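Visitor:
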Amino acid sequence: MPAFRLHYFDSRGRAEIARLMFNAAGQEFDDVRYSKEEWPAFKPKTPLGQLPVLEVDGELYAESGAIFNYLARELGFYGNGNIEALQIDIVIGIAKDFYPNLLKVFYTQEEQAKKELIQKLVTEDATQFFTKYEQLLKDNGSSYFVGNGLTLADIVVYDVIEYLLPLRADILEPFPLLQANRKTVESNPRIAAYLKTRK
Amino acid sequence: MPSYTYHYFDLRGKGETCRLCLAAAGVQFKDHRIDHAAWPGDYKAATPFGQLPYLEIDGKKFAQSGAIASYISREHGLYGTSSLEALAIDGVVGLVADYYSLWAKAYFEADSNKKIDLQLKLNNVDLPNLLGILEKILAGNDSGYYFGNQLTLADLSVYDILENSYRDFSNIYSSYPKVVENRKKVAALPRIAEYLSKRKETEI
């Protein structure tokens, strides 16, 4: 296994999925975090002037999606075989369609507009989004999205829902399989330990 | 070899990269193109999630254009020769997806003033940014492909995303000669050339 350093801001954001995978795999990595003041000095060293960046034996790689897929491959969270990888990518693709709606809420400053966006997010958007996931869980028949074990798919969905729960606590109520999947992820021993200590 | 049927609208849009991958792979596939007038109806009901595209592999249905393109690329040697190369390829695919979102926002904007602003930003800022990065990657690789010594999903994704601007705003490309060279190289590959020669022209 190469030496891994993950570079990001001091928050969850677009790096948390990578952190969850490292922890779930019990894989050592340098969790490098930049404050607002420290970031400008590192920025020109990054491939695209953005974070996260994954350093693999000293080489820097950008693009969070690419990084997650790479780590999933290396750490054993990409399923068995190409069809399972395809199924994992489908779960991620659905999440990617959903992220812009989520980001819009966070970037909207005006209170009334923000309220309206949140309302739409936690009702229409979330329902559409979760219905697809509930169907996939039903089709797979285990408490995981793909196969019989933890994959990047479970971790990505876990991460997205983390942002929605504070906006609406009962958002998973109509989705029993999603609830069960979330419990499964949370009770994974290494992830449980990480969640207890993470800021 | 499994039997592939690819379902998408009768245009390039979000679905063309997958078609390019299938063509590059040299596999037989049914290219099912759905007329907008006939959509949604029965066609929508037949999809996994009410959206296009989806790929049928021996009758089993799989959605999400990105997932499909990755799958075909893995199956047919279009993903480079190592996990790190795949990481680099995915990096470019991610950039292309980011640019697609910006393009789509501009293209589908209903308010004509906003649309003009978005289109200007696209051509003056977003596209040159993307082309600059791509030119830099190509400068670091002798083969003329983005990564390694042969065609990968990176070359095909880029080929596809630049189609509209290359056609409509070719003057922008004069500052990015390696990008243009790569584009010509990809288009001249036998399977791609054959596919492109038969492909109908669509606005998007």
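Order-wise, the sequence lines are chains F and C.
Mapped onto full-length UniProt numbering, the consecutive letters of the first sequence carry residue numbers 1 to 199.
Mapped onto full-length UniProt numbering, the consecutive letters of the second sequence carry residue numbers 1 to 204.
Just so it is clear, CB atoms sit at the ideal spot from N, CA and C, and this is done for glycine as well.
Just so it is clear, the structure is predicted and the values come from calculations on it, not from any experiment.
#1: Give me whichever residues DSSP pairs with isoleucine 57 of chain C in a beta bridge.
#2: Hey, does glycine 74 of chain C have any beta-carbon neighbour from chain F nearer than 7 Å?
#3: Which whole runs of the beta strand (DSSP E) in the UniProt domain "GST N-terminal" (2 to 79) of chain F are 3 residues long or more, in chain order?
#4: Please state whether the Cβ-Cβ distance between valine 53 of chain F and proline 2 of chain F is less than 7 Å.
#5: Closer than 8 Å, Cβ to any Cβ of chain F: which residues of the stretch 123 to 136 of chain C, in chain order?
#6: Quick check: what's the CA-CA separation for alanine 46 of chain C versus lysine 183 of chain F?
#7: Please identify, using Cβ separations under 7 Å, the residues of the stretch 125 to 143 of chain F that lie next to chain C, in order along the chain.
#8: Looking at chain C, which residues of the stretch 85 to 118 of chain F have a Cβ within less than 9 Å of any of its Cβ atoms?
#9: Grab me the residues of asparagine 123 of chain C's own chain with a C-beta within less than 7 Å of its C-beta, minus the 5 sequence neighbours each way, in chain order.
#10: Can you give me, in chain order, the residues of the UniProt domain "GST N-terminal" (2 to 80) of chain C that have a beta carbon less than 7 Å from any beta carbon in chain F?
#11: Let's see if you can read the secondary structure: which residues bound the beta strand (DSSP E) around phenylalanine 29 of chain C?
#12: Here's the rule I'm using: 16 or more other beta-carbon atoms within 10 Å means buried, otherwise exposed. How should serine 197 of chain C be labelled?
#13: Spatial neighbours of isoleucine 68 of chain C within its chain, please: CB distance less than 7 Å, with the 5 preceding and 5 following residues excluded, ordered by chain position.
#14: I'd like the list of long-range same chain contacts for alanine 15 of chain F, defined as Cβ closer than 7 Å, with 5 residues on each side in sequence excluded.
#15: So, helix, strand or coil for phenylalanine 9 of chain C, using DSSP?
#16: Please confirm whether valine 105 of chain F and leucine 86 of chain F have their CB atoms less than 7 Å apart.
#17: Of all the options F:Leu137, F:Tyr61 and F:Leu152, which has the alpha carbon lying nearest to the alpha carbon of lysine 45 of chain F?
#18: In this structure, how does DSSP classify tyrosine 194 of chain F when only helix, strand and coil are distinguished?
#19: Please look up how many angstroms separate the CB atoms of valine 186 of chain C and aspartate 155 of chain C, rounded, as I've assumed it's under 8 Å.
#20: In terms of residues, what are the limits of the alpha helix (DSSP H) holding phenylalanine 129 of chain F?
#21: Beta-carbon of serine 82 of chain C versus every beta-carbon of chain F: anything under 7 Å?
#22: Just to confirm before moving on: does the CB-CB distance between leucine 102 of chain C and aspartate 117 of chain C stay below 7 Å?
Guide: Quick answer:
#1: Here residue 57 of chain C refers to the residue found at position 57 of the second sequence. Under DSSP, isoleucine 57 of chain C takes part in a beta bridge, and its partners are C:Tyr4 and C:Lys60.
#2: Start at 1 with the first residue of the second sequence, and residue 74 of chain C comes out as number 74. A small correction: the amino acid at residue 74 of chain C is arginine; glycine does not occupy that position in the sequence shown. True, the Cβ-Cβ gap to chain F drops below 7 Å.
#3: Here the runs fully enclosed are 4 to 9, 30 to 34, 53 to 56 and 59 to 61.
#4: Numbered from 1 along the first sequence, position 53 holds the residue referred to as residue 53 of chain F. Numbered from 1 along the first sequence, position 2 holds the residue referred to as residue 2 of chain F. Their beta carbons are not under 7 Å apart, which means valine 53 of chain F does not touch proline 2 of chain F by this criterion.
#5: Hits within the stretch, in order: Ile133.
#6: Stepping through the second sequence from its first residue, residue 46 of chain C is reached at position 46. Stepping through the first sequence from its first residue, residue 183 of chain F is reached at position 183. C-alpha separation (whole angstroms): 32 Å.
#7: Correct list: Lys132.
#8: The residues in question are Ala85, Leu86, Gln87, Ile88, Asp89, Ile90, Val91, Ile92, Gly93, Ile94, Lys96, Asp97 and Pro100.
#9: Residue mapping note: residue 123 of chain C aligns to position 123 of the second sequence, counting from 1. If we look at asparagine 123 of chain C and ignore the five residues flanking it on each side, its Cβ neighbours are Phe169 and Ile172.
#10: Residues of the UniProt domain "GST N-terminal" (2 to 80) of chain C whose Cβ lies closer than 7 Å to any Cβ of chain F, in chain order: Phe49, Phe62, Ala63, Gln64, Gly66, Ala67, Ser70, Tyr71, Arg74 and Glu75.
#11: For this step, residue 29 of chain C is matched to residue 29 along the second sequence. DSSP places phenylalanine 29 of chain C inside the beta strand (DSSP E), whose first and last residues are 29 to 34.
#12: By 1-based counting over the second sequence, the position of residue 197 of chain C is 197. Exposed.
#13: Residue 68 of chain C sits at position 68 when you count from the first residue of the second sequence. Same-chain partners within the cutoff: Cys18, Pro53, Leu55 and Phe62.
#14: Start at 1 with the first residue of the first sequence, and residue 15 of chain F comes out as number 15. Setting aside the 5 residues that flank it on each side, alanine 15 of chain F is surrounded in the same chain by Leu6, Tyr8 and Pro52, each with a C-beta closer than 7 Å to its C-beta; the list follows chain order.
#15: For the purposes of this step, residue 9 of chain C is taken as residue 9 along the second sequence, with counting starting at 1. DSSP places phenylalanine 9 of chain C in the strand class (E or B) of the three-state scheme.
#16: Indexing the first sequence from 1 puts residue 105 of chain F at position 105. Indexing the first sequence from 1 puts residue 86 of chain F at position 86. In this structure, valine 105 of chain F sits away from leucine 86 of chain F, with a CB-CB distance that is not shorter than 7 Å.
#17: For the purposes of this step, residue 45 of chain F is taken as residue 45 along the first sequence, with counting starting at 1. Nearest in C-alpha terms to lysine 45 of chain F, of all of F:Leu137, F:Tyr61 and F:Leu152, is F:Tyr61.
#18: Taking the first sequence and counting its residues from 1, the one referred to as residue 194 of chain F is at position 194. DSSP, reduced to helix, strand and coil, places tyrosine 194 of chain F within a helical segment of the structure shown.
#19: Position 186 of the second sequence holds residue 186 of chain C. Position 155 of the second sequence holds residue 155 of chain C. Contact between valine 186 of chain C and aspartate 155 of chain C holds: their C-beta atoms lie close to 5 Å from each other, under 8 Å.
#20: What you label residue 129 of chain F is simply residue 129 of the first sequence in a count that begins at 1. First-last of the alpha helix (DSSP H) with phenylalanine 129 of chain F: 126 to 140.
#21: Looking up residue 82 of chain C in the second sequence gives position 82. Judged by the 7 Å Cβ criterion, serine 82 of chain C is not in contact with chain F.
#22: Taking the second sequence and counting its residues from 1, the one referred to as residue 102 of chain C is at position 102. Taking the second sequence and counting its residues from 1, the one referred to as residue 117 of chain C is at position 117. For leucine 102 of chain C and aspartate 117 of chain C, no; Cβs fall outside 7 Å.
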